[in-house]
Amino acid sequence: MRIVAIDYGKVRIGLAITDMSKTIAYPFKTVQASTNFEKTSQAILDALKEHIDEIEKIIIGLPLLLEGGFSEMTTEVNEFVKVFKTKTTIPIELIDERLSSVQAERHLKDNLKLNRKKRSKKIDPMAAALLLQNFLNFN
C-alpha cells in the first residue's frame with residue numbers, strides 16, 4: 001500500500017507518493033488548482049487514478065504560521081479538505097507543513113542546480129515529497 005501527500009497551493013498543487021513499502025517518497029505530479037474545490041478535488045483524484053486502489057492514506061500539508069497560528073491559507077486548506085473528504089473514502093490526515101516549500105526550493109536550487117523557471121515547475125511535487133518523507137521518517 002502507498003501514502004500520498006498533497007502540498008496545496010492557490011495556483012498549483014503538488015502530489016507525492018510512496019513506494020509500496022512506504023519507505024521512500026517520490027515527487028509525483030502537479031495539478032492546477034481551481035477556485036472550485038470540487039473541481040480541484042476531482043483533478044487530484046484523476047491524477048491519482050492509476051494508483052487509487054493502492055492508496056491507504058492521504059496526508060495534506062497544513063500551512064501554519066511560524067509561531068503555529070492560522071493564516072488565510074490555513075483556512076483555505078481546511079475548507080478544501082472538507083470538500084475533498086466528501087469525494088473519497090481514503091483516510092485523510094492534516095500535518096504541519098511549515099517551510100516545506102522553502103525546503104523544496106532550496107533543495108532544487110542547491111542539489112539540482114535548476115534555474116528559477118525550471119524550479120517553479122518542480123517545486124510543488126518536491127514540496128509534497130519532502131512533506132511525505134518527513135512524515136514517513138517520524139511515523
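Just so you know, we're using full-length UniProt numbering here: the sequence shown kicks off at 1 and counts up by one. Note that CB positions come from ideal geometry on N, CA and C, so glycine has one too.
Per-residue burial, residue i [other beta carbons within 10 Å of its own, 16 or more giving buried]
i, result
"A33", "buried"
"G14", "buried"
"T40", "buried"
"M126", "buried"
Residue i, DSSP secondary structure in three states
i, result
"F138", "helix"
"A127", "helix"
"L64", "coil"
"A47", "helix"
"F28", "strand"
Residue nearest to residue i in terms of C-alpha spacing, selected from the options
i, options, result
"V31", "I60, S21, A43", "A43"
"N78", "A25, G9, V4", "G9"
"I58", "F28, T35, I6, T86", "I6"
"E76", "N36, M20, A128", "N36"
"K85", "L15, A127, I60", "I60"
"R2", "Y26, I17, R12", "I17"
Residues bridged to residue i [DSSP beta-bridge criterion]
i, result
"D96", "L62"
"A16", "A5, P27"
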